[in-house]
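**Student:**
Number of protein chains: 2
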Amino acid sequence: MDMVSIVSVAKAAGVSNKTVSRVINGEPYVTEETRERVEKAIRDLGYIPNMAARLIRSSRSNTFGIITDYVSTTPYSVDIVRGIQDWANANGKTILIANTGGSSEREVEIWKMFQSHRIDGVLYVTMYRRIVDPVTGDVSIPTVMINCRPQTRELLPSIEPDDYQGARDLTRYLLERGHRRIGYIRLNPILLGAELRLDAFRRTTSEFGLTENDLSISLGMDGPVGAENNYVFAAATEMLKQDDRPTAIMSGNDEMAIQIYIAAMALGLRIPEDVSIVGFDDFRTVTMALKPELTTAALPYYDLGREGAKWLNDLIAGEKIYPVSRVVSCKLVERSSVAFNPH
Amino acid sequence: MDMVSIVSVAKAAGVSNKTVSRVINGEPYVTEETRERVEKAIRDLGYIPNMAARLIRSSRSNTFGIITDYVSTTPYSVDIVRGIQDWANANGKTILIANTGGSSEREVEIWKMFQSHRIDGVLYVTMYRRIVDPVTGDVSIPTVMINCRPQTRELLPSIEPDDYQGARDLTRYLLERGHRRIGYIRLNPILLGAELRLDAFRRTTSEFGLTENDLSISLGMDGPVGAENNYVFAAATEMLKQDDRPTAIMSGNDEMAIQIYIAAMALGLRIPEDVSIVGFDDFRTVTMALKPELTTAALPYYDLGREGAKWLNDLIAGEKIYPVSRVVSCKLVERSSVAFNPH
DNA sequence: CACACCCATGACAACGTCGACATATTTTTC
DNA sequence: GAAAAATATGTCGACGTTGTCATGGGTGTG
Chain V
1 MDMVSIVSVA KAAGVSNKTV SRVINGEPYV TEETRERVEK AIRDLGYIPN
51 MAARLIRSSR SNTFGIITDY VSTTPYSVDI VRGIQDWANA NGKTILIANT
101 GGSSEREVEI WKMFQSHRID GVLYVTMYRR IVDPVTGDVS IPTVMINCRP
151 QTRELLPSIE PDDYQGARDL TRYLLERGHR RIGYIRLNPI LLGAELRLDA
201 FRRTTSEFGL TENDLSISLG MDGPVGAENN YVFAAATEML KQDDRPTAIM
251 SGNDEMAIQI YIAAMALGLR IPEDVSIVGF DDFRTVTMAL KPELTTAALP
301 YYDLGREGAK WLNDLIAGEK IYPVSRVVSC KLVERSSVAF NPH
Chain U
1001 MDMVSIVSVA KAAGVSNKTV SRVINGEPYV TEETRERVEK AIRDLGYIPN
1051 MAARLIRSSR SNTFGIITDY VSTTPYSVDI VRGIQDWANA NGKTILIANT
1101 GGSSEREVEI WKMFQSHRID GVLYVTMYRR IVDPVTGDVS IPTVMINCRP
1151 QTRELLPSIE PDDYQGARDL TRYLLERGHR RIGYIRLNPI LLGAELRLDA
1201 FRRTTSEFGL TENDLSISLG MDGPVGAENN YVFAAATEML KQDDRPTAIM
1251 SGNDEMAIQI YIAAMALGLR IPEDVSIVGF DDFRTVTMAL KPELTTAALP
1301 YYDLGREGAK WLNDLIAGEK IYPVSRVVSC KLVERSSVAF NPH
């Protein structure tokens, strides 16, 4: 049951344990011949290095901690974690994940737990884009914030999706296809992305010469996240019942687009011939399940994760991080829910 | 930068390091007075025990490893992870997660990594219910399989959802509400759940005296998971265009139900007045977004995770595990997508 | 051939913690 | 009031690894 250690390998290979250590870590000054003998012994005995012992000696755990509110227990931004893990795999880092579930006592505990494992750095990740101040329990460990940003600016490096650019591209996409009456069903205003997306929508339509009269904007949801009030179906229905109904509707996100589809169809409207619809997020369970498939702007979750991890690594290596807040662009994913509007 | 150790605490409190160790671990034989003095020193210095050192000494890592194909990087069965984490939190265990992404070389690496961290046990979790043989790289660590089962039966304890019972309950639910012509859109036959659900549907309808003529069964998807061919919309459309169309449709899962909704509405049918629809899984992003909200059978992911963790713990503690394969039932979640059928 | 130098290896201590054992102090028992 | 038992604290070494320094042999230099 007990594990073979470096000592047993050394004995088996007839060398000192330090030499075994050298082989394991690929250090120079080992003859090819001894190296082979040691490697054989390692294979024969099935030796696996003990990370704990290594850490205790060298005080470098090669471990990153991910602390999130709900990410890894919720279907939404999981791709952030995938991005981090892929980077970590490729670079020999171990990942420790913990979820606060929104509790700040829990958050303090987690920082303690992370410290007790002597992690090298923390990736602070939120489920949806927002402003938070990590409850570090007053520790200073290199930290990168992903999908969120600290209240007190300039404090911690952060990396976020570019909601504004995504919504702008989407709006342009509709405008370029001739739509001049456009509806917008707003995300829960609690969400940081909500304002940015709406803002981009307003400005871009106005740049194209549309006025408030050409726009039809309603609130889709509000209330606390996870227990929100849902007005989407009603809002979409009302919007589409107007005589001068919009020829295209932009949805705050993909999920809400489901209800817009249903509302449209219940009124006998065809998508995209009678109404074009675009979403936001590229939540694929939805975008691919809807028929016609939904054109949307993809939140760059995977990249956020990968870049965040890379960035954290630089930070740990002691590199100065200048641009304290970075933004990653959203890519427009063209599918088939938008038609040209012949006027 | 360097961490305070038990020695500095001992010095500060004017006791031996062993006494500090006793206080930390809540061992008896420490005066209330010394305990307080030590605790104060711990607080003042911000001392946090070093897990690595503890592990190296006591060779009990108190860590469970989760090895999954895609779970933590995919929106589907994340609740399994949540269940595990909640149990782990409550019981002072640390969790290490790694995803194979389907690669078996990677799987071998992960087992090695787990061993190098001297984890106490492994939870082997799959995204959808299936039969797999873990590629352990021929190690024997206590393992519990969640949402899957080994090919070579009786080898490892496993815990799975009861797809059969879930589908049976759902079918009964429809029958009890007077539906006598029922459609079924089949899951990808690759999935283990597909056969069980269909089987339950067939047997239960037959127990109620329906014949194959009353049933209308089509394939919704096939092909490799993640890149499947999708026939759902077409199948549903065709099914609902028949003169003696079914009054209720059972969907292989919730996601597919989106397309059934859209197909029904495109034909001008109202849900649930003209067609009732039920799903499977309770994938809430879908079930709650559809209007009317979808009645479905909830896959007990959270419980699977929690029970699996608890079970693994017993296993590690040396308890004999008798029932090698366990099953957890699916709960019917009644919402509003089913109406009574007046005949 | 004496010197410096590079290469290959080993001896040993140290990392932070806890278990085994030893010692000192107090309380109980008869 | 002495022996026995229970409580309180300390000393020391070990866990598995790697960093530091030492050693020994080989090679080249003048």
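Chain order of the listed sequences is V and U.
Our numbering puts the first residue of the first sequence at 1, with every later residue one more than the last.
Our numbering puts the first residue of the second sequence at 1001, with every later residue one more than the last.
Backbone N, C-alpha and C fix where the C-beta goes; we use that ideal spot for every residue, glycine too.
These figures come from a predicted structure and were not determined experimentally.
1) Closer than 8 angstroms, CB to CB, is V1078 of chain U near chain V or not?
2) Can you pull out the residues from the stretch 33-59 of chain V whose beta carbon lies closer than 9 angstroms to at least one beta carbon of chain U?
3) Residues in its own chain within less than 6 angstroms of S336 of chain V by CB, not counting five upstream and five downstream?
4) In the DSSP assignment, the beta strand (DSSP E) including N50 of chain V goes from what residue to what residue?
5) On a CA-only basis, which of V:L96, V:A194 and V:T285 is nearest K1093 of chain U? Give me that one, please.
6) State the beta-bridge partners of N1099 of chain U as determined by DSSP.
7) Can you check whether the C-beta of P73 of chain V is within less than 8 angstroms of a C-beta belonging to chain U?
8) Against chain U, which members of the stretch 278-291 of chain V pass a CB distance test of less than 9 angstroms?
9) Between which two residues does the beta strand (DSSP E) carrying Y173 of chain V extend?
10) Roughly how far, in whole angstroms, is the beta-carbon of M1239 of chain U from the beta-carbon of F1201 of chain U, given that I think they are within contact range, below 8 angstroms?
11) Strictly below 8 angstroms CB to CB, what residues from chain U border Y261 of chain V?
12) Check whether the Cβ of Q151 of chain V lies closer than 8 angstroms to any Cβ atom in chain U.
13) For E1255 of chain U, count the other beta carbons within 10 Å of its own beta carbon; 16 or more makes it buried, fewer makes it exposed. Which is it?
14) What separation, rounded to the nearest whole angstrom, lies between the Cα atoms of M1001 of chain U and R306 of chain V?
15) For N1025 of chain U, would you say it is in contact with chain V, using Cβ-to-Cβ distances shorter than 8 angstroms as the test?
16) Ends of the alpha helix (DSSP H) at G1279 of chain U?
17) Which two residues bound the contiguous beta strand (DSSP E) that contains I131 of chain V?
18) Can you check DSSP and say which residues form a bridge with C1148 of chain U?
19) Using a Cβ cut-off of 8 angstroms (strictly closer), state whether V1333 of chain U contacts chain V.
20) Taking only runs of the alpha helix (DSSP H) that begin and end inside the stretch 1210-1293 of chain U, which ones reach a length of at least 4 residues, in chain order?
21) Taking Cβ positions, are G166 of chain V and F280 of chain V nearer each other than 8 angstroms?
22) Grab the span of the alpha helix (DSSP H) containing I1084 of chain U for me, first residue to last.
23) Touch check for the stretch 1099-1115 of chain U and the stretch 1063-1078 of chain U: three-plus C-beta pairs under 8 angstroms?
24) According to DSSP, is Y1305 of chain U helix, strand or coil?
25) Is the Cβ-Cβ distance between R181 of chain V and D222 of chain V less than 8 angstroms?
26) Is L1123 of chain U close to chain V? Criterion is C-beta to C-beta, closer than 8 angstroms.
27) Taking the alpha-carbon positions, what's the I1271 of chain U to R106 of chain V distance?
28) For the stretch 105-119 of chain V, which residues have a CB atom closer than 9 angstroms to at least one CB atom of chain U, in sequence order?
29) DSSP three-state label for E1160 of chain U, please.
30) Candidates U:A1317, U:L1170 and U:H1179: which alpha carbon is nearest F1340 of chain U's?
31) May I ask you to list the residues that DSSP assigns as paired with I190 of chain V?
32) Can the beta-carbon of N99 of chain V be found less than 8 angstroms from the beta-carbon of S72 of chain V?
33) Just list the residues that DSSP pairs R1326 of chain U with in beta bridges.
34) Can you give me the Cβ contacts of A1013 of chain U inside the same chain, cut-off strictly under 6 angstroms, excluding the 5 residues immediately before and after it?
35) Determine, for Q1242 of chain U, whether the minimum Cβ-Cβ distance to residues of chain V falls below 8 angstroms.
**Tutor:** Working from what's here:
1) yes
2) G46, I48, P49, N50, M51, A52, A53, R54, L55, I56 and S59
3) P292 and E293
4) Note, N50 of chain V: premise wrong, no beta strand (DSSP E); not H, not E.
5) V:L96
6) U:T1068
7) It is Thr, not Pro, that sits at residue 73 of chain V in the sequence shown. Output row for T73 of chain V: interface = yes.
8) F283, R284, T285, V286, M288, A289, L290 and K291
9) No beta strand (DSSP E) contains Y173 of chain V, which is instead part of the alpha helix (DSSP H) from D163 to E176.
10) With a Cβ gap of about 14 angstroms, M1239 of chain U and F1201 of chain U do not count as contacting.
11) I1262
12) no
13) buried
14) In this prediction, M1001 of chain U has a pLDDT of 47, which is less than 50 and means its spatial position is unreliable; what the coordinates show is noted afterwards. Approximately 27 angstroms between the Cα atoms of the pair.
15) no
16) Premise fails: G1279 of chain U is in no alpha helix (DSSP H) and is neither H nor E.
17) G121 to I131
18) U:R1130
19) no
20) 1232-1241, 1254-1266 and 1284-1287
21) yes
22) V1078 to A1090
23) yes
24) Inspection of the sequence shows that residue 1305 of chain U is occupied by Gly rather than by Tyr. Three-state DSSP puts G1305 of chain U in a helix.
25) no
26) no
27) 44 angstroms
28) R106, E109, K112, M113, Q115, S116, H117 and R118
29) strand
30) U:H1179
31) Answer is none; I190 of chain V lacks a bridge partner.
32) yes
33) U:I1159
34) R1037, V1038 and A1041
35) no
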